[in-house]
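Enquirer:
Protein chains: 2
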Amino acid sequence: MSLSPREVEPRHPVRIVVQRTGLSADLLRAWEKRYQVVKPHRSPGGQRYYSDIDVNRLRLLQRAVRAGRAISRIAGLSIDELERLVREDDEQGIQREATPATDVAAGAPELFLSNALIATEQLDARALENTLRQAAMRLSADHLLDEVISPLLFTIGSLWHAGRLRPTNEHLATQVIRRVLGWITEVGTSDPRAPAILVATPSGQNHELGAMLVAATASQYGWRVLYLGANLPSDDIAAAAVQARADVVALSIVFPTDDSALPGELLRLKKALPPGVAITVGGSGASSYKSAFEAVGAQYLPGLGQLRRWLRNSHPTPV
Amino acid sequence: MSLSPREVEPRHPVRIVVQRTGLSADLLRAWEKRYQVVKPHRSPGGQRYYSDIDVNRLRLLQRAVRAGRAISRIAGLSIDELERLVREDDEQGIQREATPATDVAAGAPELFLSNALIATEQLDARALENTLRQAAMRLSADHLLDEVISPLLFTIGSLWHAGRLRPTNEHLATQVIRRVLGWITEVGTSDPRAPAILVATPSGQNHELGAMLVAATASQYGWRVLYLGANLPSDDIAAAAVQARADVVALSIVFPTDDSALPGELLRLKKALPPGVAITVGGSGASSYKSAFEAVGAQYLPGLGQLRRWLRNSHPTPV
DNA sequence: GTGATATAGACAACAGTTGGACAGCTGTTG
DNA sequence: CAACAGCTGTCCAACTGTTGTCTATATCAC
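Read top to bottom, the protein sequences are chains A and B.
Position one of the first sequence corresponds to residue 3 (the numbering used here), numbered consecutively onward.
Position one of the second sequence corresponds to residue 3 (the numbering used here), numbered consecutively onward.
So this is what it looks like as structure tokens:
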């Protein structure tokens with residue numbers, strides 16, 4: 003394995019590393035001072051900058067410590083040795099030490115995030131679900147989505163792209179996140195007078211987690227949510243919107259970002275919908291189709307923040 | 003057998019040994035003091051560190067003790083002698099008796115089914131979920147799966163084929179059924195000693211509900227279930243099976259029924275799995291690949307009934 | 001200037017060690 | 001059969017080692 007310059011370049015200031023590892027800044031410095039676990043590059047002013055390799059190393063150390071290793075004993079190990087050790091502990095551990103139990107006291111989103119990542123890596127669905135459930139209890143739904151689930155999805159996505167995560171891990175995480183999001187959505191109103199939003203993903207779009215985030219958010223804001231999942235033809239979306247008397251149709255677009263059929267689909271949707279029904283579009287891949295949105299008067303809402311504001315304005319019923 | 007440096011190196015602090023052996027820290031020290039069962043290395047600060055060999059020895063001792071041996075008598079035995087002893091005791095051990103699953107009084111499955119269908123047609127997620135939840139309360143899990151959910155899936159599938167149901171309806175039902183099945187599966191064991199089954203769908207197979215039925219069933223029968231969802235490459239399935247120490251890999255095959263790549267995938271899976279791990283295959287589309295199953299020694303189980311029988315025979319664990 | 005980050009040292013919480021006590025059993029002995 | 005002694009797992013108290021966090025103060029970057 004050769005190192006790409008990207009990986010050795012010291013690019014990450016401390017706060018990023020905190021976010022990605024779940025270790026506190028204090029602890030990072032303590033480990034560095036006491037055990038020389040990493041030697042981050044220093045800016046002229048003395049600020050630390052960590053490379054991808056450093057971050058990776060820290061994550062491995064953290065996992066090993068979590069598994070019961072003493073930091074003093076493992077600090078000197080190479081990445082390879084650490085990987086072997088972590089793997090061994092994952093496989094040999096008779097009973098998974100209850101990670102959540104120790105974390106109950108802490109309410110920091112980063113901790114939930116890093117626990118969730120570790121559970122994902124260990125293919126431990128139960129631990130992952132427990133972590134997210136705890137996070138759900140401790141954080142507001144908005145914070146849960148913004149600071150745990152969204153970053154988790156993002157990180158899993160990038161780890162997966164980098165080849166550091168197998169599809170199995172990604173599937174498992176999808177599975178569990180789906181359940182947790184469903185749980186959030188489920189709590190929502192059944193009040194038939196509440197405004198209704200239909201959430202789906204247009205034809206060709208297979209990533210449904212973004213749509214689930216939308217559904218969960220809307221449900222939090224008092225909307226009646228009709229969640230239909232991924233990859234639906236415009237006509238069917240429109241028919242369902244009519245049948246359920248939806249006020250809004252929300253679409254999530256992630257990938258692909260160059261589907262030439264999509265603008266046409268949007269147009270068909272617009273035509274098939276009753277005049278009063280609004281269309282909103284969001285998701286990380288939505289920006290590529292901006293002009294198509296304008297053509298049908300769809301509201302482009304990148305990010306959950308914008309979505310929230312829009313939901314609030316368009317129907318001011320906070321929960 | 004030569005000893006690698008890895009095995010004699012004192013790498014494990016007590017916590018790890020406790021995890022791996024199930025013995026308490028107190029007991030470890032008591033055994034050491036009284037019978038010198040092991041002589042762990044000491045750190046400068048006096049902390050104990052155990053080698054792989056120590057851990058192995060302790061495991062054997064623990065098994066022998068659990069089988070009824072007196073620690074004082076076996077403390078001095080060599081590893082070889084201990085292994086022989088443990089094997090002997092295992093063979094003499096009494097078989098656990100299988101308890102047949104109890105049948106709960108059956109309600110009226112047809113009524114649930116028709117209500118569920120109506121809710122599906124009306125795009126009423128809440129009503130559908132309530133119906134299934136009621137059915138789950140009233141029927142045994144087996145009956146729920148056999149007489150409500152399976153027929154519901156089948157009916158929805160055929161209505162959809164006949165053009166009498168829109169994809170929206172199907173998606174909505176999928177959504178809800180997924181949640182209900184997840185709920186059944188979730189209740190399952192977390193006992194790490196329970197036999198483990200990995201459930202997934204091979205590459206190219208996108209219908210995951212069959213797999214979810216398998217997962218729910220196995221969980222009912224006391225198995226530890228690792229559910230990974232649809233469309234996974236063999237290599238990843240195998241890797242996950244190793245990591246989770248699965249005893250069985252269960253695949254569900256629905257559509258397509260003429261994927262020429264599938265036999266090859268099965269072969270790769272078989273090769274990548276450890277020898278002891280069984281493969282089972284089921285699902286409505288599985289019959290098309292029978293010869294491929296034979297080639298890899300996979301168990302062909304059409305229908306949940308066969309699956310249940312197989313699960314029971316292969317590991318008679320009462321629930 | 002303000003908010004983030006740096007250092008050094010203090011500190012509290014926790015984990016691990018030792019020696020000893022103790023209670024539940026088991027098998028032996030009078 | 002009762003008393004006894006040995007075995008065995010657990011618990012405790014007092015102490016030490018290890019580790020994460022906190023404080024005070026200074027510096028950096030925008």
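C-beta: ideal position from N, C-alpha, C; glycine also.
For residue 245 of chain B, which residues in chain A fall below 7 Å Cβ to Cβ?
Expert: Your numbering for residue 245 of chain B matches position 243 in the second sequence. Result: 92, 93, 125.
Enquirer: Could you list which residues in chain A have their beta carbon closer than 9 Å to that of residue 271 of chain B, in chain order?
Expert: By one-based count along the second sequence, residue 271 of chain B stands at place 269. Those do not exist, as residue 271 of chain B stays about 13 Å from chain A at its closest Cβ, beyond 9 Å.
Enquirer: Less than 7 Å separating the Cβ of residue 260 of chain A from some heavy atom of the ligand ZN?
Expert: This structure lacks the ligand ZN; in fact it carries no ligand of any kind.
Enquirer: In chain order, what residues of the same chain have a beta carbon less than 7 Å from the beta carbon of residue 23 of chain A, not counting five sequence neighbours either side?
Expert: In the first sequence, counting from the first residue as 1, residue 23 of chain A sits at position 21. Contacts found: 57, 60, 61, 64, 116.
Enquirer: What's the call for residue 68 of chain B, buried or exposed, on a 16-neighbour Cβ count within 10 Å?
Expert: For the purposes of this step, residue 68 of chain B is identified with residue 66 of the second sequence, where counting begins at 1. Result: exposed.
Enquirer: The alpha helix (DSSP H) with residue 199 of chain B in it runs from where to where?
Expert: As a first step, residue 199 of chain B is located in the second sequence; it is residue number 197 there, counting from the start. Counting along the chain, residue 199 of chain B falls outside any alpha helix (DSSP H), though it belongs to the beta strand (DSSP E) covering 198 to 204.
Enquirer: Would residue 18 of chain B pass as an interface residue toward chain A - the criterion being a Cβ-Cβ separation below 8 Å?
Expert: Stepping through the second sequence from its first residue, residue 18 of chain B is reached at position 16. Chain A, which has a Cβ nearer than 8 Å to the Cβ of residue 18 of chain B, makes this yes.
Enquirer: Quick one: what's got a C-beta closer than 6 Å to residue 286 of chain A's C-beta in the same chain, skipping five residues either side?
Expert: On the first sequence, residue 286 of chain A is found 284 positions in, with the first residue counted as 1. Once the five neighbours on either side are set aside, the close Cβ partners of residue 286 of chain A are 256.
Enquirer: Assign residue 132 of chain A to buried or exposed, taking buried as 16 or more other Cβ atoms, counted over all protein chains shown, within 10 Å of its Cβ.
Expert: For the purposes of this step, residue 132 of chain A is identified with residue 130 of the first sequence, where counting begins at 1. With 16 or more other Cβ atoms from the protein chains shown falling within 10 Å of its own Cβ, residue 132 of chain A counts as buried.
Enquirer: With distance defined between alpha-carbon atoms, name the residue in B/122, B/148, B/202, B/78 nearest to residue 39 of chain B.
Expert: Position 37 of the second sequence holds residue 39 of chain B. Ranking B/122, B/148, B/202, B/78 by Cα distance to residue 39 of chain B puts B/78 first.
Enquirer: Quick one: using the 10 Å Cβ neighbour count with 16 as the cut-off for buried, is residue 163 of chain A buried or exposed?
Expert: One-based indexing of the first sequence puts residue 163 of chain A at position 161. Exposed is the call here.
Enquirer: Taking just the CA atoms, how far does residue 168 of chain A sit from residue 102 of chain B?
Expert: Position 100 of the second sequence, counted from the start, is the residue given in the question as residue 102 of chain B. Position 166 of the first sequence, counted from the start, is the residue given in the question as residue 168 of chain A. Unreliable positioning characterises residue 102 of chain B in this predicted model, as indicated by a pLDDT of 31, which lies under 50. The coordinate reading is nonetheless provided below. Residue 102 of chain B and residue 168 of chain A have their C-alpha atoms roughly 39 Å apart.
Enquirer: Locate the beta strand (DSSP E) running through residue 168 of chain B, then write down its first and last residues.
Expert: Taking the first residue of the second sequence as position 1, residue 168 of chain B is located at position 166. Run containing residue 168 of chain B: none; DSSP gives neither H nor E here.
Enquirer: Alpha carbon to alpha carbon, how far is residue 215 of chain A from residue 156 of chain A?
Expert: Along the first sequence, one-based indexing puts residue 215 of chain A at 213. Along the first sequence, one-based indexing puts residue 156 of chain A at 154. Their backbone Cα atoms lie some 13 Å apart in a straight line.
Enquirer: Flag residue 176 of chain A as yes if its beta-carbon sits less than 8 Å from any beta-carbon of chain B, otherwise no.
Expert: Reading the first sequence from its first residue, position 174 is the one you call residue 176 of chain A. Yes, its Cβ sits closer than 8 Å to a Cβ of chain B.
Enquirer: Against residue 56 of chain B, what residues of chain A qualify as contacts under a CB-to-CB distance less than 7 Å, listed in chain order?
Expert: Reading the second sequence from its first residue, position 54 is the one you call residue 56 of chain B. Contact note: residue 56 of chain B does not reach chain A at a C-beta cutoff of 7 Å; the least C-beta distance is about 14 Å.
Enquirer: Report the partner residues of residue 254 of chain B according to the DSSP bridge assignment.
Expert: Against the second sequence, residue 254 of chain B aligns to sequence position 252. Beta-bridge pairing by DSSP links residue 254 of chain B to B/284.
Enquirer: Within 8 Å of any Cβ in chain B, is that where the Cβ of residue 209 of chain A sits?
Expert: Taking the first sequence and counting its residues from 1, one reaches residue 209 of chain A at position 207. Put simply, the CB of residue 209 of chain A is far from chain B, with every gap to its CB atoms at 8 Å or more.
Enquirer: Thinking C-beta only, is residue 46 of chain A closer than 8 Å to residue 12 of chain A?
Expert: Looking up residue 12 of chain A in the first sequence gives position 10. Looking up residue 46 of chain A in the first sequence gives position 44. No.
Enquirer: Which value, in whole angstroms, describes the spacing of the CA atoms of residue 122 of chain A and residue 30 of chain A?
Expert: Here residue 122 of chain A refers to the residue found at position 120 when the first sequence is read from its first residue. Here residue 30 of chain A refers to the residue found at position 28 when the first sequence is read from its first residue. So the two alpha carbons sit approximately 23 Å from each other.
Enquirer: Given a cut-off of 8 Å on the beta-carbon distance, is the pair residue 16 of chain B and residue 27 of chain B in contact?
Expert: Position 14 of the second sequence holds residue 16 of chain B. Position 25 of the second sequence holds residue 27 of chain B. Cβ atoms of residue 16 of chain B and residue 27 of chain B: closer than 8 Å.
Enquirer: Rounded to whole angstroms, what is the Cα-Cα separation between residue 14 of chain B and residue 138 of chain A?
Expert: In the second sequence, the residue the question calls residue 14 of chain B occupies position 12. In the first sequence, the residue the question calls residue 138 of chain A occupies position 136. So the two alpha carbons sit approximately 35 Å from each other.
Enquirer: So is residue 103 of chain B in contact with chain A if we call contact Cβ pairs under 8 Å?
Expert: As a working note, residue 103 of chain B is residue 101 in the second sequence. Because the pLDDT of residue 103 of chain B is 32, which lies under 50, any placement of that residue in the model is unreliable, and the number read from its coordinates should be weighed accordingly. Taking Cβ atoms only, chain A never reaches closer than 8 Å to residue 103 of chain B, which makes this a no.
Enquirer: Please go through the same chain and pick out, in chain order, the residues whose beta-carbon is closer than 8 Å to the beta-carbon of residue 198 of chain B, but skip the five residues on each side of it.
Expert: Mapped onto the second sequence, residue 198 of chain B falls at position 196. 225, 226, 227, 228, 246, 247, 248, 249, 250, listed in sequence order.
Enquirer: Starting from residue 226 of chain B, trace the beta strand (DSSP E) both ways and give me its first and last residue.
Expert: Here residue 226 of chain B is taken as the residue at index 224 of the second sequence, counted from 1. Residues 226 to 234.
Enquirer: Can you look up residue 301 of chain B in the DSSP assignment and give me helix, strand or coil?
Expert: The sequence position of residue 301 of chain B within the second sequence is 299, counting from 1. Of the three classes helix, strand and coil, the one that applies to residue 301 of chain B here is strand, per DSSP.
Enquirer: For residue 50 of chain B, does the three-state DSSP call read helix, strand or coil?
Expert: What you label residue 50 of chain B is simply residue 48 of the second sequence in a count that begins at 1. Residue 50 of chain B: strand per DSSP, three-state reduction.
Enquirer: By the three-class DSSP mapping on this structure, what secondary structure does residue 13 of chain A have?
Expert: Counted from its first residue, the first sequence places residue 13 of chain A at position 11. It is coil, neither helix nor strand.
Enquirer: I'd like the span of the alpha helix (DSSP H) that includes residue 207 of chain A, first residue to last.
Expert: By one-based count along the first sequence, residue 207 of chain A stands at place 205. First-last for residue 207 of chain A: undefined, no H or E at that position.
Enquirer: Do residue 91 of chain B and residue 66 of chain B have their C-beta atoms closer together than 8 Å?
Expert: Position 89 of the second sequence holds residue 91 of chain B. Position 64 of the second sequence holds residue 66 of chain B. Cβ distance < 8 Å, so residue 91 of chain B and residue 66 of chain B count as in contact.
Enquirer: Between the region 222 to 245 of chain B and chain A, which residues of the former have a C-beta closer than 9 Å to a C-beta of the latter?
Expert: Residues are counted here when their Cβ sits less than 9 Å from a Cβ of chain A; for the region 222 to 245 of chain B these are 227, 228, 229, 230, 231, 232, 233, 234, 235, 237, 238, 239, 241, 242, 244, 245, given in chain order.
Enquirer: Could you give the C-beta distance for residue 237 of chain B and residue 274 of chain B, rounded to a whole number, given that I count them as a contact under 8 Å?
Expert: Along the second sequence, read from residue 1 onward, the residue named residue 237 of chain B stands at position 235. Along the second sequence, read from residue 1 onward, the residue named residue 274 of chain B stands at position 272. Contact annotation, residue 237 of chain B with residue 274 of chain B: C-beta distance approximately 6 Å; criterion of less than 8 Å satisfied.
Enquirer: Would you say residue 163 of chain A lies against chain B (beta-carbon separation less than 8 Å)?
Expert: To locate residue 163 of chain A, count along the first sequence from 1; it is residue 161. Answer no: the Cβ-Cβ gap between residue 163 of chain A and chain B never drops below 8 Å.
Enquirer: Residues of chain B with CB under 7 Å from residue 173 of chain A, in chain order?
Expert: Locating residue 173 of chain A in the first sequence gives position 171, counting from the first residue. Result: 230, 231, 234.
Enquirer: Please report the distance separating the alpha-carbon of residue 269 of chain A from that of residue 306 of chain A.
Expert: As a working note, residue 269 of chain A is residue 267 in the first sequence. As a working note, residue 306 of chain A is residue 304 in the first sequence. Residue 269 of chain A and residue 306 of chain A: Cα-Cα distance of roughly 24 Å.
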